[in-house]
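Shown next, in structure tokens, is the structure this report addresses.
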């Protein structure tokens, strides 16, 4: 019995050795499928876990309240007495122009009463020490560091806000990381360049007169148990608490009440995690399906080729179960080994690669990596089960036959005619070799579909990956060139005639508009969006914002009856043209209703464009045009800079947002998603290589007798190679064409899944995406064909021709 089992296992190892290429193909394809499945699915949870841990340890605020003056003791008491408010951190916020190392900067000073045991928004000291007196400050390290400014501990800062400070010069004594300012997203200001360059923290004793104009609140753990970045219940409860503060405190009308989602870095990180999660829901499944298909076709072909060996084993007394066990061991060892290694490589490599890419955007700790055993087991068991099932199906058909039937080569399929043969006037003009090629391609259905479906799967992934890459790269072009035509926006406290005079004298086209934050409601679902009310006059909004039908791309006219909403919010709330929506101005409980006239194409943020006439009918007052769109007709960079400088010199101007600055930030922010796309393209390329190698290897291995016959008949090497590869190329082209079509719909699913409440991506892809995908697929097919040439030339004609005797 021992010798029988020893011989049995020897036979298994001999089969693995003799068909090592196929064994490695199953191992490689399950490795790749498992790696992508485990790696992508674990990236979003790991990022969530890392960020949640960081914000929890730092005790990041839940609600932030900023007053345009200062909080009175009475107001502070009212806020602290609010139900579910656990703790309040009182701070002083002051934006100031400054000078460091003879360079001018705009700084934001946040003054704290004490740095000892800071219970909220805890700062992490990187270098130096915390401030001990009024003349010491710490500076928040930017994501990109201080390489350009060369700021260091010990440098002096000259502050130009001497009316509010005891001293106009402070010393940097430390460098810190802040859980509030952890991203490279710009912070707007009404002073200096309109953009905060650095954040500094000092002591309240630095102020000439103590005041508090910024409060941070945390909520009771009994009210909110989990504050995860992906926790929807957390956001809903915070919104209810903000609303409660608004309703209970009458003075809150002059306050800006926000939460974590209003923080530029926090919402950007949240959206990035959601986008990665969207990709991870679709791509791993595609890889698993293709991997399963390859394993199935490999085992099917292997079993069919070894029918004589199966017959021999049965004639020697091996039971059907024992014969089946041989092929199960073959497939299971390859699948378990490949998927296990792939899962652990995926856990360790892919999340880290993506997280490292985001380090150019966020100052966050090292990724907290953990092996998700549930994902690992699903990956390993799933791939193994599919492989085992395909093996069972393949072997069952053979072991059910008797030994005598199996020892005789399977009878050829009865000859059939292809459709083209019935078109005699065309068939007669085709040469003999091409007639054989056509018959071989279409009559061997198994080989045909095995090749076509394998190539289709690879091409589909490539189209999806390249399409995603194109949409990401064109995001800023689609939004800030095709839709937003203006060059900058700026705000004013009150209407100032000097602003218009400066713009007119500099040959600048401009449009006044009101910009308000509103809460839109439909079927008890609320979203915060931007309300834009443009001034209607000599200049139309179409010169600054291209309003286009989101389906037809036709330009939309904007008139006195227009209420145009952007596509993302419309799709998420199920709003159609002609529907009536309910909304209220942020901080105001009075509900208004308006009928939507059109839906416009838009990719970033959400907007409701309302005509002044409709606004007046709703609010019984004219819009307050406190913002400007500006568009340079002809101006050099220096002329633009001079205009911005003039505008900043006007007291009424509160902010200036240059479009190019926003574009640069968005492009930088999309680098993380670009890394995912690169990983997908590389993985798809490897998948294409493995699939095509496996298909070609099977194709050549099962046709050795046919190829040997051609050689005996006098066919030269080049003719034999052309004969075999001609069929492969034709089937590859068929599979590629199908893959392009299926890939487009796969791309649509992925691009929709990575969209968030804040942004969506263009669902159109250019012809170049299809061209790149086709070229890569066909290129890999040609490379594999070159590898197969040596195998064709090394076929032993005598052994092949006598193999069935």
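Residue numbers (this note's numbering): -19 to 785. Virtual Cβ for every residue (Gly too), placed ideally from N, Cα, C.
- The beta carbons of residue 610 and residue 467 sit about 6 angstroms from each other, so the pair counts as a contact at 8 angstroms.
- If you draw a straight line from the Cα of residue 743 to the Cα of residue 623, it comes to about 38 angstroms.
- A Cβ-Cβ distance of about 13 angstroms is found for the pair residue 225 and residue 46, leaving them out of contact under the 8 angstroms criterion.
- Per DSSP, residue 437 lies in no beta strand (DSSP E); the unbroken alpha helix (DSSP H) holding it starts and ends at 425 to 453.
- Boundaries around residue 86 are those of the beta strand (DSSP E), 83 to 92, since no alpha helix (DSSP H) includes it.
- Residue burial is scored here from C-beta neighbours: residue 134 has fewer than 16 other C-beta atoms within 10 angstroms and is therefore classed as exposed.
- With 16 or more other Cβ atoms from the protein chains shown falling within 10 Å of its own Cβ, residue 243 counts as buried.
- Per DSSP, the unbroken alpha helix (DSSP H) holding residue 708 starts and ends at 697 to 733.
- Excluding its 5 nearest sequence neighbours in each direction, residue 104 has C-beta neighbours in its own chain below 7 angstroms: 156 and 157, listed in chain order.
- In this structure, DSSP gives residue 102 a state outside helix and strand, which the three-state scheme calls coil.
- By the criterion of a C-beta distance shorter than 8 angstroms, residue 708 is surrounded in its chain by 431, 675, 676, 679, 761 and 765, once the five residues flanking it on both sides are discounted.
- The beta carbon of residue 450 sits closer than 8 angstroms to the beta carbons of 745, 746, 748 and 749 from its chain, once the five residues preceding and following it are set aside; these are given in chain order.
- The beta carbons of residue 487 and residue 620 sit no closer together than 9 angstroms.
- When Cβ pairs closer than 8 angstroms are counted between the two stretches, the region 85 to 102 is seen to touch the region 174 to 193, the count reaching three or more.
- For the region 173 to 208, the continuous beta strand (DSSP E) assignments of 3+ residues that do not extend past its boundaries occur at 178 to 183 and 194 to 199, in sequence order.
- Using a C-beta cut-off of 8 angstroms, the region 519 to 527 makes contact with the region 452 to 471, since at least three inter-stretch Cβ pairs fall below that distance.
- Cβ atoms of residue 607 and residue 469 come within 8 angstroms of each other, at about 6 angstroms.
- Residue environment analysis places residue -7 among the exposed positions, since fewer than 16 neighbouring C-beta atoms fall within 10 angstroms of its C-beta.
- Ranked by Cα distance from residue 221, the first of 73, 337, 63 and 201 is 63.
- Using a Cβ distance threshold of 9 angstroms, residue 136 and residue 150 count as a contacting pair.
- Scanning its chain for C-beta atoms nearer than 6 angstroms, with the 5 sequence neighbours on each side dropped, one finds around residue 303 the residues 290, 293 and 379, in chain order.
- In the three-state scheme derived from DSSP, where H, G and I count as helix and E and B as strand, residue 469 is classed as strand.
- Residue pairing by DSSP places residue 248 in no beta bridge whatsoever.
- Linking residue 144 to residue 181 through their CA atoms gives a straight-line distance of about 16 angstroms.
- Linking residue 349 to residue 603 through their CA atoms gives a straight-line distance of about 52 angstroms.
- Straight-line spacing of the CA atoms in residue 248 and residue 654 works out to 15 angstroms.
- For the set 299, 548, 114 and 513, the Cα lying nearest the Cα of residue 738 is the one of 548.
- Bounds of any beta strand (DSSP E) do not take in residue 342, whose DSSP letter is neither H nor E.
- With fewer than 16 other beta carbons inside 10 angstroms of its own, residue 50 counts as exposed.
- DSSP places residue 77 in the strand class (E or B) of the three-state scheme.
- The residues 769 and 772, in chain order, have a CB closer than 7 angstroms to that of residue 701 in the same chain once the five nearest residues on each side in sequence are set aside.
- A Cβ-Cβ distance of about 6 angstroms is found for the pair residue 407 and residue 400, placing them in contact under the 8 angstroms criterion.
- Scanning its chain for C-beta atoms nearer than 6 angstroms, with the 5 sequence neighbours on each side dropped, one finds around residue 460 the residues 639 and 643, in chain order.
- Setting aside the 5 residues that flank it on each side, residue 345 is surrounded in the same chain by 30 and 34, each with a C-beta closer than 7 angstroms to its C-beta; the list follows chain order.
- In the DSSP assignment, residue 595 falls outside any beta strand (DSSP E) and lies within the alpha helix (DSSP H) extending over 592 to 599.
- Assigned with DSSP and collapsed to three states, residue 109 falls in coil, not helix or strand.
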